[in-house]
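Novice: Quick one: the structure is below, questions incoming.
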Amino acid sequence: GRRGIIVNVASVSGLIGWGGSSVYGATKGAAIALTRSLAAEYAAAGVRMNCVCPGSIRTPMVLNNIAARGDDEAASLARTAALHPLRRVGEATEVAAGILYLLGDAASFVTGVALPVDGGLTAI
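Numbering (this note's numbering), first residue to last: 3 to 126.
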């Protein structure tokens, strides 16, 4: 039976580098490494551990940051969307769907994974 499932939230910044965000990227990379190491360590005890790595997601924090910079929201989101192969930013519900997958029975043989939810950003 199922003994435990943990899903951490990291970031695509832990998978790919961005200028000007080295500390943030390093901490997210550390979260991914911790997830993988703990997955290996606790698998025999029946605990699965994974993480999701969101890309650009439309959240209140992102919208507040855009406003704090004095940027036009629509223009800023359009510039960000253009960086992604799917040509849009993601929604929090899409990250939640990735988490629900990792928590569910369909992922019962999945552990130690960093799942990008990023509109294809890490594919390019």
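Idealized CB from N, CA, C, for every residue including glycine.
For Lys30, collect the residues of the same chain with a Cβ closer than 6 Å to its Cβ; drop the 5 residues on either side in sequence, then sort them by chain order.
Specialist: These residues qualify, in order along the chain: Ala12, Ser13, Ser15 and Gly16.
Novice: What do you get for Met51, buried or exposed, if any count of 16 or more other CB atoms within 10 angstroms of its CB means buried?
Specialist: Counting Cβ neighbours within 10 Å, Met51 comes out buried, since at least 16 surround it.
Novice: Quick check: the Cα distance between Ala84 and Ala125, rounded to an integer number of angstroms?
Specialist: If I take the Cα positions, the gap works out to 14 Å.
Novice: Below 8 Å on the Cβ atoms is my contact criterion, and I expect Gly48 with Gly6 to pass it. Report the Cβ-Cβ distance as a whole number of Å.
Specialist: Between Gly6 and Gly48 the Cβ distance is about 7 Å, and since that is below 8 Å, they are a contact.
Novice: Please report the Cβ distance between Thr37 and Asn66, rounded to the nearest whole angstrom; I am assuming they are in contact, meaning their Cβ atoms lie under 8 Å.
Specialist: The Cβ separation is near 28 Å, so there is no contact.
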